[in-house]
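Each number in the working numbering comes from the position in the sequence shown (counting from 1) with 483 added on. Glycine is no exception: its CB is placed at the ideal position from the N, C-alpha and C atoms. In what follows, a single structure is set out as structure tokens and then discussed.
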Amino acid sequence: MIRSIFLGSGSALPARAVSNEELAKTVDTSDEWIRERTGITQRYLAGEGETTATLATEAARRALDDASLTIADIDLIVLATATPDCTFPATATLVQKALGGAGFPAFDVAAVCSGFLYALGTADAMIRGGMASKALVIGAETMSRLLDWEDRATCVLFGDGAGAFVIGAAEVAGDKADQGILATQLHADGAHGDLLYVDGGVSTTGTVGHLRMKGREVFRHAVTNLAQVLADVLAKSGHVAADIDWVVPHQANLRILDATARKLGLSMDKVVVTVDTQANTSAASVPLAFDTARRDGRIQRGQLVMLEAMGGGFTWGASLIRI
Numbered sequence: 484m485i486r487s488i489f490l491g492s493g494s495a496l497p498a499r500a501v502s503n504e505e506l507a508k509t510v511d512t513s514d515e516w517i518r519e520r521t522g523i524t525q526r527y528l529a530g531e532g533e534t535t536a537t538l539a540t541e542a543a544r545r546a547l548d549d550a551s552l553t554i555a556d557i558d559l560i561v562l563a564t565a566t567p568d569c570t571f572p573a574t575a576t577l578v579q580k581a582l583g584g585a586g587f588p589a590f591d592v593a594a595v596c597s598g599f600l601y602a603l604g605t606a607d608a609m610i611r612g613g614m615a616s617k618a619l620v621i622g623a624e625t626m627s628r629l630l631d632w633e634d635r636a637t638c639v640l641f642g643d644g645a646g647a648f649v650i651g652a653a654e655v656a657g658d659k660a661d662q663g664i665l666a667t668q669l670h671a672d673g674a675h676g677d678l679l680y681v682d683g684g685v686s687t688t689g690t691v692g693h694l695r696m697k698g699r700e701v702f703r704h705a706v707t708n709l710a711q712v713l714a715d716v717l718a719k720s721g722h723v724a725a726d727i728d729w730v731v732p733h734q735a736n737l738r739i740l741d742a743t744a745r746k747l748g749l750s751m752d753k754v755v756v757t758v759d760t761q762a763n764t765s766a767a768s769v770p771l772a773f774d775t776a777r778r779d780g781r782i783q784r785g786q787l788v789m790l791e792a793m794g795g796g797f798t799w800g801a802s803l804i805r806i
């Protein structure tokens, strides 16, 4: 059978890192308050000339280099973002142009923090269906441009960045020992859209708006939904939790990461954590965390890695990959 196998990864962060202490100079907060509630110590914020597209392009270049490929080898770009450079054209097409590509499909998906899982699932389906052979899958955000900097409950949580995978078609045996994407599960429930949202939009207010969140309710849904989708993906793939080498979660909050791991009976030693230094980068957080762990030697070839995320909508999902 044909599976989508992992070929390379890359990531990019803005030049400016902002510590909790620096943030506390302009926001009514403190390093202690932020650390205690979130585990975050700093985040990266996009500056002049840095956009979702520029960060995505740099992450994509690094992923292509990691895969020893060029844009000429790619025939699909799927980019997940809640903060596109413009309403249209799609940010994916801006990346395509910047990389020197043309002609093949390039489009955005919007599923907020779960966006990279949705993008990966879409690219995987297109590869397995014969519509593409090698794809760039990107999660990229400039969340800082959606924040209300007077709302200390939300503005301290987010940062900017981008991460990218290159995946490609390969013929495999079709069992759970295969390399590649073994199982993916995606969900959404629009009934909870008022718990995490942006209070603006092209068709409603004609403005960008600001991010709004009811933190306690989001936390409760996140732990329940993520634990369930992880169990579902394991069952679908024929694996059990003990088989997993690494969990790469959406980096929303250290408490959510810990609670989800405990629900599955997994040690936090198996969970990749970057929320402390990168904060919540929405659709970028999963590929950013993955690439960080690959670059420092934790994630290695042959290992079984679970990706998972939940975001506004609500949307949530997970994907099990043998690297």
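Keeping to the same chain, check which residues put their C-beta closer than 7 Å to that of residue i; ignore five residues upstream and five downstream.
i      : result
Val706 : Ile739, Ala742, Thr743 and Lys746
Val788 : Asp728, Trp729, Val731, Ile782, Ile804 and Ile806
Ala550 : Leu490, Gly491 and Val649
Leu713 : Leu747, Met789, Glu791 and Ala801
Met793 : Cys596, Ser597, Ala705, Asn708, Leu709, His733 and Trp799
Asp558 : Phe587, Ala615, Ser616 and Lys617
Leu808 : This structure cannot speak to residue 808, because the chain is shown only from 484 to 806.
Comparing alpha-carbon positions, which option in the options lies nearest residue i?
i      : options                           : result
Arg778 : Val755, Glu504 and Leu582         : Val755
Ala589 : Leu600, Leu790, Ile523 and Lys617 : Lys617
Val639 : Ile610, Thr509, Gly613 and Val595 : Thr509
Arg628 : Phe571, Leu528, Lys659 and Leu749 : Leu528
Asp568 : Ala536, Val578, Gly493 and Ala543 : Ala536
Asn763 : Ser513, Val685 and Gly795         : Gly795
Asp682 : Glu533, Met696, Val578 and Lys719 : Met696
Pro497 : Asp726, Glu654, Thr534 and Lys753 : Thr534
Ile485 : Glu531, Leu538 and Ala652         : Ala652
Asp511 : Leu538, Ala776 and Arg635         : Arg635
Asp433 : Ala543, Ala565 and Ala735         : With the chain running from 484 to 806 in the structure shown, residue 433 is simply not present.
Gln786 : Thr566, Ala660 and Gly721         : Ala660
Ile664 : Arg545, Gly532, Val716 and Arg499 : Val716
Using a Cβ-Cβ cutoff of less than 6 Å, which residues in the same chain neighbour residue i once the five nearest sequence positions on both sides are dropped?
i      : result
Ala602 : Val561, Ala563, Val592 and Val620
Asp672 : Phe797
Asp631 : His693
Arg784 : Ile806
Glu541 : Ala495
Thr667 : Gly604 and Ser802
Ile554 : Leu582, Gly583 and Gly584
Between which two residues does the beta strand (DSSP E) holding residue i run?
i      : result
His670 : Gly663 to Ala671
Pro732 : Trp729 to Pro732
Arg486 : Ile485 to Ala495
Asp715 : First-last for Asp715: Gly698 to Ser720, but that is the alpha helix (DSSP H), not the beta strand (DSSP E).
Phe648 : Asp643 to Glu654
Leu679 : Leu679 to Val681
Would you say residue i reaches chain C, if we count a Cβ-Cβ gap shorter than 7 Å as a contact?
i      : result
Thr566 : Among the chains of the structure shown, chain C does not appear; only one protein chain is present.
If you drop the 5 nearest sequence neighbours on each side, which residues of the same chain put their C-beta closer than 8 Å to that of residue i?
i      : result
Thr605 : Val561 and Val592
Arg518 : Asn503 and Thr524
Tell me the residue span of the alpha helix (DSSP H) that contains residue i.
i      : result
Glu505 : Asn503 to Leu506
Ala636 : Arg635 to Cys638
Quiz item: Can you give, in chain order, each stretch of the alpha helix (DSSP H) that sits fully within the segment 508-561 and has at least 4 residues?
Solution: Contiguous alpha helix (DSSP H) elements confined to the segment 508-561 occur at 514-521 and 535-549, taking only those with 4 or more residues.
Practice problem: Kindly confirm or deny that the segment 761-769 and the segment 620-640 touch, where touching means at least three C-beta pairs closer than 8 Å. | Solution: The segment 761-769 is in contact with the segment 620-640.
Practice problem: Inspect the CB distances between the segment 585-603 and the segment 627-645 and report whether three or more fall short of 8 Å. | Solution: By the C-beta criterion, the segment 585-603 is judged not to be in contact with the segment 627-645, since fewer than 3 inter-stretch pairs fall below 8 Å.
Quiz prompt | Inside the segment 560-619 only - beta strand (DSSP E) runs reaching at least 3 residues | solution = DSSP runs (the beta strand (DSSP E)) wholly in the segment 560-619: 560-563 and 589-592.
Quiz item: If you scan the segment 739-806 from start to end, which runs of the beta strand (DSSP E) of 3 or more residues do you find wholly inside it?
Solution: For the segment 739-806, whole beta strand (DSSP E) runs of length 3 or above, ordered along the chain, are 787-794 and 798-805.
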